[in-house]
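See structure below.
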């Protein structure tokens, strides 16, 4: 069997819980498309929910055969949109959770995905054209306490979490203008965006790993935001594609270092509600640290004294990339 085919099968059958959890954003794209449709005046509500579960049990396995595994996750997304005359007000919120345990019942559950997103946009159409005055707000945080090793329970007595609800939380407020070229393509520009990173827990803030200023619980940036979105369907709606590019430049510090969030979602429908999905996300934030492997020893996030040949820790601003391929079933209500 070719290596490429083998790796593809491994991705589908060995780690389905992780892949399904990471790829929850493909359904968010479909829900957002439904929420963005033109409606009559008044309120429109909707949302979607998806659950996934994967389990593997081995009794007296052969040498090298693997280990027990259980994984589960879910996605909830809701939206409420209002339109009246020239005004619109769009709101949405989502919760994505996934965890897995490899080994026996004494092994710790490891977090795969934990993300809360809230977004609101208020707009007013200027004239009869395609230009809107808009105010956008976004909030991102996580729900469950996370400990060293990305586990959900403390490995040792007295261990403190490294992240939990509102530690950290990121809030972005952006007044600006939006240009809707058509039903598929839109551009948004804000020359005066505020980005706030806040870590509510003092002990977590003291770790200085979430983008807060050293010795403080917060970090404030003022800058410009540019965002473009594109969604479309092809081949009698059997093939859908959605992409979003979000750029931010901090006027106050290193404005040449642009924060980037670029998401892509490609979905091929096999049957009703059953599709093959490819989801990618590229992330870079000059104020947020990520873990990497400098010395190529297979261990990420090591402190400086454990990194061979380098006098720096494996933690700092850098690019982060996520990709998932899966077969998925979901429903939207």
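In this note's numbering, the protein residues as written are -10 to 322. By construction, the Cβ of each residue, glycine as well, lies at the ideal position given by its N, Cα and C atoms. Owing to the predicted nature of the structure, the values given are computational and were not obtained by experimental measurement.
What number of angstroms, rounded off, separates the C-alpha of residue 99 from the C-alpha of residue 218?
-> Whole-angstrom Cα-Cα distance: 33 Å.
Going straight from the alpha carbon of residue 162 to that of residue 230, what length do you get?
-> Take the alpha-carbon of residue 162 and the one of residue 230: they are about 27 Å apart.
Should residue 192 be labelled buried (16 or more other beta-carbon atoms within 10 Å of its own) or exposed?
-> Result: exposed.
Can you tell me the Cα-Cα spacing of residue 166 and residue 69, whole angstroms?
-> Going from the Cα of residue 166 to the Cα of residue 69 covers about 22 Å.
Within the same chain, show all residues whose beta-carbon is closer than 8 Å to that of residue 180, passing over the 5 residues directly before and after it, in chain order.
-> Cβ contact annotation for residue 180 (same chain, cutoff 8 Å, sequence separation greater than five): 165, 213, in chain order.
Separation of residue 269 from residue 225, as counted between CA atoms | Straight-line Cα distance between these residues: approximately 24 Å.
Taking contact to mean at least 3 C-beta pairs separated by less than 8 Å, is the stretch 69 to 80 in contact with the stretch 110 to 120?
-> With a cut-off of 8 Å on Cβ pairs, the stretch 69 to 80 is in contact with the stretch 110 to 120, counting three or more such pairs.
What number of angstroms, rounded off, separates the C-alpha of residue 3 from the C-alpha of residue 195?
-> The pLDDT assigned to residue 3 is 38, lower than 50, so where the model puts this residue is not dependable; a value taken from the coordinates is nonetheless given after this. Straight-line Cα distance between these residues: approximately 38 Å.
For residue 88, which beta-bridge partners are listed by DSSP?
-> Beta-bridge annotation (DSSP): residue 88 is paired with 61, 100.
Out of 232, 169, 133, point me to the one whose CA is closest to residue 118's CA.
-> The residue among 232, 169, 133 with its C-alpha nearest the C-alpha of residue 118 is 169.
Three-state secondary structure (DSSP) at residue 247?
-> In the structure shown, residue 247 sits in coil (DSSP, three-state: anything other than H, G, I, E or B).
So what does DSSP say about residue 307, is it helix, strand or coil?
-> When secondary structure is reduced to three states using DSSP, residue 307 falls in the coil class, being assigned neither helix nor strand.
For residue 193, the three-state DSSP class (helix, strand or coil) = Helix at residue 193.
So residue 129 is in the beta strand (DSSP E); what residue range does that whole segment cover?
-> First-last of the beta strand (DSSP E) with residue 129: 120 to 130.
Grab me the residues of residue 121's own chain with a C-beta within less than 6 Å of its C-beta, minus the 5 sequence neighbours each way, in chain order.
-> Cβ neighbours of residue 121 beyond the five flanking positions: 112, 114, 167.
Exposed or buried, residue 136, counting other C-beta atoms within 10 Å across all chains shown (16 or more means buried)?
-> Here residue 136 is buried. Its C-beta has 16 or more other C-beta atoms within 10 Å.
Using the C-alpha atoms, what's the distance from residue 91 back to residue 237?
-> The alpha-carbon atoms of residue 237 and residue 91 are separated by roughly 39 Å.
Per DSSP, cross-strand counterpart(s) of residue 258 | The secondary-structure analysis by DSSP pairs residue 258 across a beta bridge with 264.
Measuring CA to CA, which of 53, 88, 71, 48 is closest to residue 64?
-> From the listed residues 53, 88, 71, 48, the smallest Cα separation to residue 64 is found for 88.
Outcome for residue 14 when other beta-carbon atoms lying within 10 angstroms are tallied against a minimum of 16 | Per-residue confidence for residue 14 stands at a pLDDT of 48, beneath the threshold of 50, marking its modelled position as unreliable; no derived number is given.
Check whether the Cβ atoms of residue 102 and residue 138 lie closer than 8 Å to each other.
-> Contact check for residue 102 against residue 138 fails: the beta carbons are separated by 8 Å or more.
In angstroms with no decimal places, state the Cα-to-Cα distance between residue 16 and residue 235.
-> Residue placement at residue 16 is poorly supported in this model, since its pLDDT is 49, which falls under 50; the coordinates still yield a value, given next. Roughly 19 Å between the two C-alpha positions.
Can you tell me the Cα-Cα spacing of residue 232 and residue 58, whole angstroms?
-> Rounded to the nearest angstrom, the two C-alpha atoms are 33 Å apart.
Across which residues does DSSP place residue 174 in a beta bridge pair?
-> Beta-bridge pairing links residue 174 to 219.
Sort 201, 253, 266 by Cα distance to residue 306 and report the nearest one.
-> The candidate whose alpha carbon is nearest that of residue 306 is 201.
Let me know if residue 142 comes out buried or exposed under the rule of 16 or more other beta-carbons within 10 Å of its beta-carbon.
-> Burial call: exposed.
Could you please give the first and the last residue of the uninterrupted beta strand (DSSP E) stretch that includes residue 233?
-> Residue 233 -> beta strand (DSSP E) spans 228 to 239.
State buried or exposed for residue 187, treating a residue as buried only when at least 16 other CB atoms are found within 10 Å of its CB.
-> Label assigned to residue 187: buried.
How many whole angstroms separate the CB atoms of residue 131 and residue 154, which I take to be in contact at a CB cut-off of 8 Å?
-> About 7 Å separates the two Cβ atoms, so the contact holds.
When the Cα atoms are used, what is the spatial distance from residue 11 to residue 250?
-> For residue 11, the pLDDT reaches just 38, beneath the cut-off of 50, and the residue's location in the model is therefore unreliable, although a value from the coordinates is still provided. If you draw a straight line from the Cα of residue 11 to the Cα of residue 250, it comes to about 16 Å.
Selected residue, minimal CA-CA separation from residue 263, among 227, 31, 211 | Per the Cα distances, 227.
Roughly how many whole angstroms lie between the Cα atoms of residue 265 and residue 66?
-> Linking residue 265 to residue 66 through their CA atoms gives a straight-line distance of about 20 Å.
Provide the residue(s) that pair with residue 142 in DSSP beta bridges, ordered along the chain.
-> In the DSSP output, where bridge partners are listed per residue, residue 142 has none listed.
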